[in-house]
Each structure stands twice: as structure tokens, then as C-alpha cells.
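Encoded as C-alpha cells, the structure appears first; notes follow it.
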Amino acid sequence: MSKVVPDAKTACADVKDNMTLVLGGFGLCGIPENSIVALRELGVKGLTCVSNNAGVDDWGLGLLLQGKQIKKMISSYVGENALFEKMYLSGELEVEFCPQGTLAERMRAGGAGIPAFFTPTGVGTKVAEGKEVRNFDGRDYVMERGIVGDFAFVKAWKGDEFGNLVYRKTARNFNPPAATAGKITIAEVEELVPTGSLDPDQIHTPGVYVQRIFQGKNYQKRIEQRTVRK
Amino acid sequence: MPLTREQIAQRISREVKPGFCVNLGIGIPSLVANYVPDSMNVMFQSENGLLGMGAFPTEAEVDADLVNAGKQTVTTVKGASFFSSSDSFGMIRGGHVNLTILGAMEVDEQGNIANWMIPGKMIKGMGGAMDLVAGARKVIVAMQHADKEGNSKLRTKCTLPLTGLKCIHQIVSDFGVVDITPEGFVLREFAPDLSPEKVLAATEGRMKVAPDCRPMTF
Chain A
33 MSKVVPDAKT
43 ACADVKDNMT
53 LVLGGFGLCG
63 IPENSIVALR
73 ELGVKGLTCV
83 SNNAGVDDWG
93 LGLLLQGKQI
103 KKMISSYVGE
113 NALFEKMYLS
123 GELEVEFCPQ
133 GTLAERMRAG
143 GAGIPAFFTP
153 TGVGTKVAEG
163 KEVRNFDGRD
173 YVMERGIVGD
183 FAFVKAWKGD
193 EFGNLVYRKT
203 ARNFNPPAAT
213 AGKITIAEVE
223 ELVPTGSLDP
233 DQIHTPGVYV
243 QRIFQGKNYQ
253 KRIEQRTVRK
Chain B
1309 MPLTREQIAQ
1319 RISREVKPGF
1329 CVNLGIGIPS
1339 LVANYVPDSM
1349 NVMFQSENGL
1359 LGMGAFPTEA
1369 EVDADLVNAG
1379 KQTVTTVKGA
1389 SFFSSSDSFG
1399 MIRGGHVNLT
1409 ILGAMEVDEQ
1419 GNIANWMIPG
1429 KMIKGMGGAM
1439 DLVAGARKVI
1449 VAMQHADKEG
1459 NSKLRTKCTL
1469 PLTGLKCIHQ
1479 IVSDFGVVDI
1489 TPEGFVLREF
1499 APDLSPEKVL
1509 AATEGRMKVA
1519 PDCRPMTF
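Protein chains in written order, with our numbering: chain A, 33 to 262; chain B, 1309 to 1526.
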């Protein structure tokens, strides 16, 4: 049974309404562009999306917001998306703000079989409200839950037919923990290579975590702040 | 004259020690890197998964896969490494980052900080700030001493939703350098042409003047 599928549309065909999706990417860097477009075209609604950011108004998860397909976001920062802020403040969109490190660790823990963990992050703030707080060695820690989505979507630089993935530079970000945190993980890669051509020492995500992989196309790789020096 | 943004950044840069691992927030904190000479062998950590952040790229060097936590394009320095977000925050939470510098809306005399939301108005999210203030070994805030109406942002008690509890060690504002101690704010240095009295008058929270308090020099 090959994990390789022809495109995002095929990969995403069985995503259903009201599912929880975990996505890699930081801002617009390393986002699973093809899968997000496929989800938009599929028209699934009522989604809970676990992703550090919400894209911008017209790209990334912003596409799903525009399509009114997202019921709830679990994110750490949505400042780049004006539509998001507007929909949240008006009550159209449910948001669970989760500190970035906690979000990464929730994905990592979920994929690693750790149902809950304690972190100092957010103790004494809104984030800790309603959660168990425990003291270890004189310091308070708040309990957070691991997350596993119905699907996880990741973007890598290279991947092989077994699903081994290699990421590039800061496009790595949330993709490794996200890849472990889906019942079904769909990986899109810039270059699909034959199994055996990747150096085992250089693999960032072992293929066991990936159920479907496809060669992506037409990556925009948008840059949010193109800051240069002379 | 109160300090400019550049001067605040420059003064904060003096707190960076050789060999430090430093995380810089967006805004004024990001300017601190410009004042740290390469010879100090400081590694700038970007929480999106890079240790060894360098200057902005030239046009030719721009790489969409290489951005900092503010989503700006950057470069890397010799000895840089890339890693995942979970590893990045392990580095931060585990106390491996010597110093973090970030902005604030309010800091109070107990060292509580609020910098992530204004209820009903602004809610962009906390990003990595809560992890950074909970995990970094030293936390310095770069901020304006007062808001546009002249109200002190150095409070007796924060009124906005908190980012972290009792976690701020030092503030560098446009009025001066303030340590946070068990006794509250302690003014260590003041902006040239201001005076300790003026800074005290502009500060809501409990503030003492250090015995060796002196004007800042640039």
C-alpha cells in the first residue's frame, strides 16, 4: 500500500465537517499551502484548527476563515489577520489562545502518548483559569492537555515514499510536533524522492508518523515582512 | 529629554554579556541586536526555531524559509542551528536562554507584566511571551514610561490581563533604568536632562531612588 497520493485534493477527500485539524507552519512560513486550498475547495465546515497562527486575510488559514469554515481556533497569535480579530471580537469565531510553547508541547505530548503535562507558562494569567495548578519544588505549574487531531497537515522540503520528512530552515517550526499529532497525517513536500535516497541521520520526521504524502505544487511561499539591508 | 527608541535599545544592549543566548521581542527589543558587537559571540534565539539569527538579508539573500519570530526575513550567523518549535520552547522553558527582552503595556511594582491583550479592543494573542517570561533567566522590558495621556505604565498593580507573574527583573523606559526588587521599583539611572524627582513624579508604582542613581550616558 503506497502512501503516495497524486495531490492535495485526493489526500484531503475524507476530511469531514466538525473535525479537529492540526497544522504546521509559523505565520506563512512552512504552511501546508496545497492542503489548505484543498480544504477550502472541499468546503468542510465547523472545523477546529490547531495552528500557531491564522494566516493573513487572503492566504493560509485566512482562506478557511473567509469561507466561514472554521468554528474554533487554537492559536497563540493572530495579529496578522484582521479578519480573524474582527470575527473573534464579534463572536463569530471561538478562540482558545494558547501560549506558543504550550501549543507546541501539546502537539508533541499528544503525539508522544503524554495525556497531560505541567508547565510554568501562564500561571497566574487567564491561561490558567479553570485548570489544575500544582506546586513542584516551590514553583507553581499549570496542567495542560496533549492534543491529537483527526488529521494533521504538514509541509516539508523533501519527503520519501515511506513518509520520511526533511524540513528546511525556519519552515520547520511546528511541523515536526504537528506531524506526530494527527490520527491521519498528510504531508506535502516540495520534492518527493525515492525511499532510500534520504540519509537516515538527516531525517527530521520518521515516516511512521505520515499516512499520506504528495508532491506539492505552485508554492507561493509568501513573505510577510520582507526586511532587507543595503 | 526622554530617550529615543534607539537609545532604549542601546542601553539595554549593555546588559548583554559575552556568550549569552538572547531572545529579542518585536519592536524596540529587536533593535538591541544592532548594538551588540560580533566579538561578544552572542547567539540570538528566534522562538520559531533558530539559534544564531543574523542581520536582515540583502535582496539577493532573501529566503522565504528563513524568518524570525516577527515574520521578518533574516540571515544566520556561523554556528547557527535550526530546530522545531517544541525544541525551541524546551530551550526557553528549560532556562537555557540567558536573557529575553520584550515590550509591555504595563509592569507593576511586583514585577507582573501585561502585554498581550486589551479586553474588548485588542486581542492579537500572547505568542511566545508567556513562555519567555516564565522561562528566561533574566527578563528586561523595553517600554514607554507613560501612555499618550501621560498616565504611568509602571503601575502599582497591573489592570490589564497578565502575561506573567513576578517575572520582570528590569525595565528600561524612555525615562530611565528601573530595577524591580522586593521593595518595588528602584530607579538606577535616569534619562539625560530629566531628574530622579521627575521620574518619581511620573511613576504610579512605589519607587525608590538608588543611592548611586545617575544620569544615563551615550
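Note that the Cβ used here is the ideal one computed from N, Cα and C, for glycine as well. Since we're looking at a predicted model, the values are computed, not measured.
In this structure, Glu176(A) lies away from Thr212(A), with their beta-carbon atoms at least 7 Å apart.
Listed by position along chain A, the residues whose Cβ is nearer than 9 Å to that of Pro1469(B) are Thr157 and Lys158. Annotation: the continuous alpha helix (DSSP H) that includes Met139(A) extends over Gln132 to Gly143.
In this structure the segment 1446-1465 of chain B does not touch the segment 1373-1390 of chain B; the number of beta carbon pairs closer than 8 Å is below three. If you check the CB distance, Val82(A) and Val47(A) do not come in under 7 Å. Within the segment 1343-1366 of chain B, the residues whose Cβ lies closer than 9 Å to some Cβ of chain A are Ser1354, Glu1355, Asn1356, Gly1357, Leu1358, Ala1363, Phe1364, Pro1365 and Thr1366, listed in chain order.
Taking the C-beta atoms as reference points, Arg1463(B) is found no nearer than 7 Å to Gly1492(B). Taking the CA atoms as reference points, Tyr120(A) sits about 10 Å from Ala114(A).
7 Å or more divides the Cβ of Leu60(A) from the Cβ of Gly99(A).
Excluding residues up to 5 positions away in sequence, Val1350, Asn1406 and Leu1407 lie with their Cβ nearer than 7 Å to the Cβ of Phe1328(B) in the same chain. Taking all protein chains in view, the Cβ of Arg204(A) is crowded by 16 or more other Cβ atoms within 10 Å, so the residue is classified as buried. Taking the Cβ atoms as the reference, Val1324(B) lies roughly 7 Å from Met1348(B), within the contact range of under 8 Å. Boundaries for Met1309(B): no beta strand (DSSP E) harbours it, and the DSSP string shows neither H nor E there.
As for any beta strand (DSSP E) of minimum length 3 sitting wholly inside the segment 58-98 of chain A, the runs are 79-82, ordered along the chain.
Among the residues facing chain B, Ile218(A) is not included, as its CB has no counterpart in that chain under 7 Å away. Our two residues, Ser229(A) and Glu193(A), have alpha carbons roughly 10 Å apart in a direct line. Residue environment analysis places Arg244(A) among the buried positions, since at least 16 neighbouring C-beta atoms fall within 10 angstroms of its C-beta.
Beta-bridge partners assigned by DSSP to Gln1380(B): Gln257(A).
Here Ser107(A) carries a strand assignment [DSSP, helix/strand/coil]. Taking 7 Å as the cut-off, the beta carbon of Leu1473(B) is found closer than this to the beta carbon of Asn1420(B). Contact of Gly1387(B) with chain A is not assigned, every C-beta pair being separated by 7 Å or more. Under the Cβ distance rule, Ser34(A) does not count among the residues neighbouring chain B, no pair being separated by less than 7 Å. In this structure, the beta-carbon distance from Gly178(A) to Leu53(A) does not fall below 7 Å. With fewer than three CB-CB distances shorter than 8 Å, the segment 1481-1500 of chain B does not count as touching the segment 1422-1434 of chain B.
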